[in-house]
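Those protein sequence lines, which keep their order, are chains A and B. The opening residue of the first sequence carries number 23 in my numbering; numbering runs sequentially from there. The opening residue of the second sequence carries number 1479 in my numbering; numbering runs sequentially from there. Quick notes on the structure that follows.
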Amino acid sequence: MSQLSRKNGSGSEEATVFLNARLIDPATRKDEPGGLLVKDGVIADLGPHLRRNAPDRSKVVDCRGHVLCPGLIDMQVFTGEPGLEYRETLKTASHAAAAGGVTTIIVMPDTEPVIDQVALVDFIQRRARDNAVVNIHVMAAMTKGLKGQDMTEIGLLKRAGAIGFTNGKTSVANARVMRNVLLYAKDHGALISHHTEDPQLTEGSVMNAGEVATRLGLPGVHKAAETLVLERDVRLVEITGGRYHAATLSCAESLEVIRSAKQRQLPVTCGVSVNHLTLNENDIGSYRTFLRLKPPLRGEDDRRAMVRALAAGDIDVIVSSHDPQDADVKRHPFAEAADGAVGLETLLAAALRLYHNGEIGLMPLLEAMTINPARLLGLPSGRLEKGAPADLVLVDLGQPWVVDKARLKSRSKNSPFDESRMQGRVLTTMVAGNTVYQYAQA
Amino acid sequence: MTIHTAKGSFVRRHLLTCEDLSSAEITALLDLADKAADSNRQVIKKRDVLRGRTLINLFFEASTRTQSSFELAGKRLGADVMNMNVSTSSVQKGETLIDTAMTLNAMRPDILVVRHHAAGAVELLAQKVDCSVINAGDGAHQHPTQALLDALTIRRAKGRIAGLTVAICGDILHSRVARSNINVFNTLGARVRIVAPSTLLPSQAERLGAEVFTDMNAGLDGVDIVMMLRLQRERMQGSYVPSSREYYHFFGLDHEKLARAKPDALIMHPGPMNRGVEIASDIADHSRSVIRDQVEMGVAVRMAVLEAMARQLPNH
Chain A
23 MSQLSRKNGS GSEEATVFLN ARLIDPATRK DEPGGLLVKD GVIADLGPHL RRNAPDRSKV
83 VDCRGHVLCP GLIDMQVFTG EPGLEYRETL KTASHAAAAG GVTTIIVMPD TEPVIDQVAL
143 VDFIQRRARD NAVVNIHVMA AMTKGLKGQD MTEIGLLKRA GAIGFTNGKT SVANARVMRN
203 VLLYAKDHGA LISHHTEDPQ LTEGSVMNAG EVATRLGLPG VHKAAETLVL ERDVRLVEIT
263 GGRYHAATLS CAESLEVIRS AKQRQLPVTC GVSVNHLTLN ENDIGSYRTF LRLKPPLRGE
323 DDRRAMVRAL AAGDIDVIVS SHDPQDADVK RHPFAEAADG AVGLETLLAA ALRLYHNGEI
383 GLMPLLEAMT INPARLLGLP SGRLEKGAPA DLVLVDLGQP WVVDKARLKS RSKNSPFDES
443 RMQGRVLTTM VAGNTVYQYA QA
Chain B
1479 MTIHTAKGSF VRRHLLTCED LSSAEITALL DLADKAADSN RQVIKKRDVL RGRTLINLFF
1539 EASTRTQSSF ELAGKRLGAD VMNMNVSTSS VQKGETLIDT AMTLNAMRPD ILVVRHHAAG
1599 AVELLAQKVD CSVINAGDGA HQHPTQALLD ALTIRRAKGR IAGLTVAICG DILHSRVARS
1659 NINVFNTLGA RVRIVAPSTL LPSQAERLGA EVFTDMNAGL DGVDIVMMLR LQRERMQGSY
1719 VPSSREYYHF FGLDHEKLAR AKPDALIMHP GPMNRGVEIA SDIADHSRSV IRDQVEMGVA
1779 VRMAVLEAMA RQLPNH
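See the structure below:
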């Protein structure tokens, strides 16, 4: 169990009680009126008996019937620290997370330098401890320099606190390397989270292949580029027994592979970015580069398949895939712009669109952002349970708002949801008993 | 031709593998080697068992200790010994293995000692020549005299082999030493464990008759013998193992891991060692290290094999 970056604020001394809340705990699938007591940074008590009655000497928060649930855990967040701090630092990412109700972020190793050594994992942990307001864990590189050739010191990195291993935004093309990484990681019980896009097939493409790409005159890549890497990986999992997580899937065909792997009880899980659940290739419209993503947005059929798979439990995790890019690399013709979109602050609100549209229930939606990633990563958070860290979010499910990029806390403003109407607002975010975000009514 | 019919004598034309050696055959060779080891400690070490015979060391792969060990063994038994280092001669001129073998065969040697980088090459060669052939290592397949010398070293130190637990640790995947040792120890009634990261384990290794461990602390728990294997440098930079530092951390024999073995456990290594990679430098020189005894027993075992074979050589 790696070390959490706990805050040493003043709030942890005093007890806080949330009264009149709608408690939602995805771990137990409980959704009931009640209250919750926070003491010494952990959940000290919870339940219907605390709905109205505050224990003595505690700070009272009246939830007014709003949802109090575990803070979100976002398994895929890119920052610019170290090396590209002008895009995002651990500090700015943590404030963006707090504003979005995200209490734990897993940062990716795609930095300069790449996080592929013990000293760099240590660097991130220390910077996070000193500067960030939410929990930050590192997913370390599984190959040196993310080059897909030589495996990193998976055993020592895990001991240093790396929570998992990934090749970042790229797939390992060499099946032998992938096999050996899975095999070696298995010895250390390490999770391999892999981006699945065949690098050769994808080369030169900027969006999903199909009618939209053809009309726009943009080079597209067929979604099979994703599925064939996933199929290969699942075969490798079968022969190695390594724990494998497909980081962000985007099409129906990939889900078939996942279902079959799960039926065979292979240690395979998968994630999806909230973008691929709520947007499709048509949203690219007139070459909006903030919707240029990796993997690319697919058609509406695929988006709906992803939502159905999420509801069915075939998809385990929703991530923001927060990827800050500045104007320098985004204000270009679509084909020349960089991939990626910020998403920490809009993760929950965007996901709630699916709930408000009646596409999915609240419980499976929250599971995929709390208890599921917690279990995958071996974190004690993501649940409402006595003794669990008091990482909490209070949400007004109904409150409407409009995304304004000027008000985003992220250092980069490349949001695909800019000017979008949202329903569902984070009111309070608490990490280890400390309030790290409080919505100020305008 | 005289054939010894005494109980458990070694009656074979070639020594190619340990897979089919019986306990009686191994014991006979070890008994013979015991005597050779004693005679090697005398002032006059030379005998004439192989007088007039020709032994050719045919090494397709560079070797220092095995080749010199066989050379010395042959000379101490009175043979004429010739060393051929083929890796630098005929092969580069394009000659095939069979052609090289036939050429040497025409020189009428009595015993060929062969090492080759390809598994099965020595057996192929043995089918083509008229003399006796000893496998001095073929690829990742077999290295019979190494396993015999390891067994002799243990038997002399512990007085027995049956009932002992032996942990073979390191690059099992590429190791002929591991395969031969698993065969010999199993045949002699020892329990064998193999300890390695999964990337250095051959598939279905447990089917060879060994218990498989990927955690060295667990693998060394209560063992009588800790046998370390060499990890080649090119395999510790990310392909099979991330780095020599990480390998040493999890699979290098240090005091902490050694403490899991029995207090009187022996430390072995077939050499050459990478100090600080698979074995801590001071452990290589530990009082319980029998690594130098292994080298001494190497000569004795090879003399025993040559002597046993000499009895099978035609006398006309």
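All residues carry an ideal CB built from backbone N, CA and C; glycine is no exception. Computed from a predicted structure; not experimentally measured.
Under 8 Å Cβ-Cβ, which residues of chain A neighbour Gln-1790(B)?
Numbered from its first residue, the second sequence carries residue 1790(B) at position 312. Here the premise fails: no neighbours, minimum Cβ distance about 45 Å.
His-10(A) - partner residues in DSSP beta bridges:
For chain A, the structure presents residues 23 to 464; residue 10(A) sits outside this window and is missing.
Distance check for Pro-104(A) and Ala-1683(B), CA to CA, integer angstroms please.
Taking the second sequence and counting its residues from 1, the one referred to as residue 1683(B) is at position 205. Taking the first sequence and counting its residues from 1, the one referred to as residue 104(A) is at position 82. Using only the alpha carbons, I get a separation of about 44 Å.
Helix or strand or just coil, what does DSSP make of Leu-374(A)?
Mapped onto the first sequence, residue 374(A) falls at position 352. Here Leu-374(A) sits in helix by DSSP.
8 Å contact criterion, which Pro-77(A) and Pro-55(A) should meet: CB distance rounded:
For this step, residue 77(A) is matched to residue 55 along the first sequence. For this step, residue 55(A) is matched to residue 33 along the first sequence. Pro-77(A) to Pro-55(A), Cβ: 18 Å. No contact.
Do the stretch 317-328 of chain A and the stretch 182-196 of chain A make contact, defined as three or more Cβ pairs closer than 8 Å?
no
What residues in the stretch 1724-1738 of chain B have a beta carbon less than 8 Å from any beta carbon of chain A?
Glu-1724, His-1727 and Phe-1728
Nearest CA to the CA of Asp-62(A): which residue from Trp-423(A), Ala-410(A), Arg-429(A) and Leu-430(A)?
Walking along the first sequence from the start, residue 62(A) turns up at place 40. When each option's Cα is compared against that of Asp-62(A), the closest is Ala-410(A).
What residues are listed by DSSP as bridge partners for Val-290(A)?
Looking up residue 290(A) in the first sequence gives position 268. DSSP output for Val-290(A) lists Tyr-266(A) as bridge partner(s).
Starting from Met-200(A), find everything on chain B with Cβ-Cβ shorter than 9 Å and list it in chain order.
Your numbering for residue 200(A) matches position 178 in the first sequence. Within chain B, no residue comes near Met-200(A); the closest Cβ sits about 12 Å away, beyond 9 Å.
Taking 6 Å as the limit between beta carbons, can you name the residues of its chain near Arg-1780(B), skipping five residues before and five after?
For this step, residue 1780(B) is matched to residue 302 along the second sequence. So the qualifying residues of the chain are Ser-1547, Phe-1548, Ala-1551 and Thr-1623.
Thinking C-beta only, is Glu-367(A) closer than 8 Å to Ser-432(A)?
By 1-based counting over the first sequence, the position of residue 432(A) is 410. By 1-based counting over the first sequence, the position of residue 367(A) is 345. Closer than 8 Å, so yes.
Could you check if Asn-202(A) is buried or exposed, using at least 16 other CB atoms within 10 Å of its CB as the buried criterion?
Residue 202(A) sits at position 180 when you count from the first residue of the first sequence. Asn-202(A) is buried by the Cβ-count criterion.
Which of helix, strand or coil DSSP assigns to Asn-410(A):
Here residue 410(A) refers to the residue found at position 388 when the first sequence is read from its first residue. The amino acid at residue 410(A) is misidentified as Asn; the sequence shows Ala. Ala-410(A) falls in the coil class under three-state DSSP.
Chain B beta carbons: is any one of them nearer than 8 Å to that of Gly-33(A)?
Taking the first sequence and counting its residues from 1, the one referred to as residue 33(A) is at position 11. Annotation note: pLDDT 44 at Gly-33(A) (below 50); position unreliable, coordinate value reported separately. Not an interface residue.
With DSSP as the reference, label Ala-1758(B) as helix, strand or coil.
Numbered from 1 along the second sequence, position 280 holds the residue referred to as residue 1758(B). Reduced to three states, the DSSP call for Ala-1758(B) is coil.
Give the range of the alpha helix (DSSP H) segment to which Phe-145(A) is assigned.
As a position in the first sequence, residue 145(A) is number 123, starting the count at 1. Membership of Phe-145(A) in the alpha helix (DSSP H) is indicated by the continuous run 140-153.
Can you confirm whether Met-173(A), when its beta carbon is compared against all beta carbons of chain B, has any partner nearer than 8 Å?
Position 151 of the first sequence, counting from 1, holds the residue named residue 173(A). At least one chain B Cβ lies under 8 Å of Met-173(A).
Are the stretch 275-294 of chain A and the stretch 357-365 of chain A touching by the rule of at least three beta carbon pairs closer than 8 Å?
no
I want to see whether chain A comes within less than 8 Å of Pro-1680(B), judged by CB atoms only; does it?
Start at 1 with the first residue of the second sequence, and residue 1680(B) comes out as number 202. With 8 Å as the cut-off, Pro-1680(B) does not count as an interface residue toward chain A.
Taking Thr-1631(B) as the query, report the chain A residues whose CB atoms sit under 7 Å from its CB, ordered along the chain.
Position 153 of the second sequence, counted from the first residue, corresponds to residue 1631(B). Simply none; closest approach about 30 Å.
Apart from the five residues just before and just after Ala-1645(B), which ones in its own chain have a Cβ nearer than 6 Å to its Cβ?
For this step, residue 1645(B) is matched to residue 167 along the second sequence. Here Ala-1645(B) has Arg-1671, Val-1673, Gly-1697, Leu-1698, Val-1701 and Val-1704 as same chain residues with Cβ atoms under 6 Å from its own Cβ, once five neighbours each way along the sequence are excluded.
What residues of chain B sit near Tyr-206(A), judged by a beta carbon separation below 7 Å?
Within the first sequence, numbered from 1, the residue matching residue 206(A) stands at position 184. Those within 7 Å of Tyr-206(A) in chain B are Pro-1675, Ser-1676 and Thr-1677.
Span separating the alpha-carbon of Met-1479(B) from that of Arg-1789(B)
Here the question's residue 1479(B) lines up with position 1 in the second sequence. Here the question's residue 1789(B) lines up with position 311 in the second sequence. Low local confidence applies: a pLDDT of 38 at Met-1479(B) is under 50, so the model's placement there is unreliable, with the coordinate-based value given in what follows. Using only the alpha carbons, I get a separation of about 8 Å.
Could you check what DSSP says for Leu-1575(B) in three-state terms: helix, strand or coil?
As a first step, residue 1575(B) is located in the second sequence; it is residue number 97 there, counting from the start. Leu-1575(B): helix per DSSP, three-state reduction.
Quick test of the definition: if touching needs 3 or more C-beta pairs under 8 Å, does the stretch 119-134 of chain A touch the stretch 437-454 of chain A?
yes
Less than 8 Å between the C-beta atoms of Ile-127(A) and Met-164(A), yes or no?
As a first step, residue 127(A) is located in the first sequence; it is residue number 105 there, counting from the start. As a first step, residue 164(A) is located in the first sequence; it is residue number 142 there, counting from the start. No, these two residues do not count as a Cβ contact at 8 Å.
Could you check whether the Cβ of Pro-1741(B) sits closer than 8 Å to any Cβ belonging to chain A?
In the second sequence, counting from the first residue as 1, residue 1741(B) sits at position 263. Chain A, which has no Cβ nearer than 8 Å to the Cβ of Pro-1741(B), makes this no.
Identity of the residues DSSP links to Glu-54(A) by a beta bridge:
In the first sequence, the residue the question calls residue 54(A) occupies position 32. For Glu-54(A), which the question treats as bridged, DSSP gives the partners Leu-45(A).
Alpha helix (DSSP H) runs wholly inside the stretch 1705-1751 of chain B, at least 4 long, in chain order:
Counting only unbroken stretches of 4 or more residues, the alpha helix (DSSP H) elements lying wholly within the stretch 1705-1751 of chain B are 1722-1729 and 1733-1736, in sequence order.
Output the distance between the C-alpha atoms of Arg-1713(B) and Val-1719(B), rounded to the nearest integer angstrom.
For the purposes of this step, residue 1713(B) is taken as the residue at position 235 of the second sequence. For the purposes of this step, residue 1719(B) is taken as the residue at position 241 of the second sequence. Near 7 Å, if we compare the C-alpha coordinates of Val-1719(B) and Arg-1713(B).
Could you give the distance in angstroms between the alpha-carbon of Ser-24(A) and the alpha-carbon of Asp-426(A)?
In the first sequence, the residue the question calls residue 24(A) occupies position 2. In the first sequence, the residue the question calls residue 426(A) occupies position 404. With a pLDDT of only 37 at Ser-24(A), under the threshold of 50, the placement of this residue in the model should not be trusted; the figure read from the coordinates follows. Answer to the nearest angstrom: the Cα atoms are 36 Å apart.
Three-state secondary structure (DSSP) of Tyr-108(A):
The residue labelled residue 108(A) in the question sits at position 86 within the first sequence. Correct three-state label for Tyr-108(A): coil.
Which whole-angstrom value describes the C-beta separation of Thr-291(A) and His-267(A), a residue pair presumed to lie in contact below a C-beta threshold of 8 Å?
Within the first sequence, residue 291(A) is the residue found at index 269, counting from 1. Within the first sequence, residue 267(A) is the residue found at index 245, counting from 1. Right, the Cβ-Cβ distance comes to about 5 Å (below 8 Å), so this counts as a contact.
For Lys-169(A), the residue or residues it bridges with in DSSP
Against the first sequence, residue 169(A) aligns to sequence position 147. Note: Lys-169(A) sits in no beta bridge, so no partner.
Which residues mark the beginning and the end of the alpha helix (DSSP H) in which Ser-1517(B) is found?
Locating residue 1517(B) in the second sequence gives position 39, where the first residue counts as 1. Start and end: 1501-1517.
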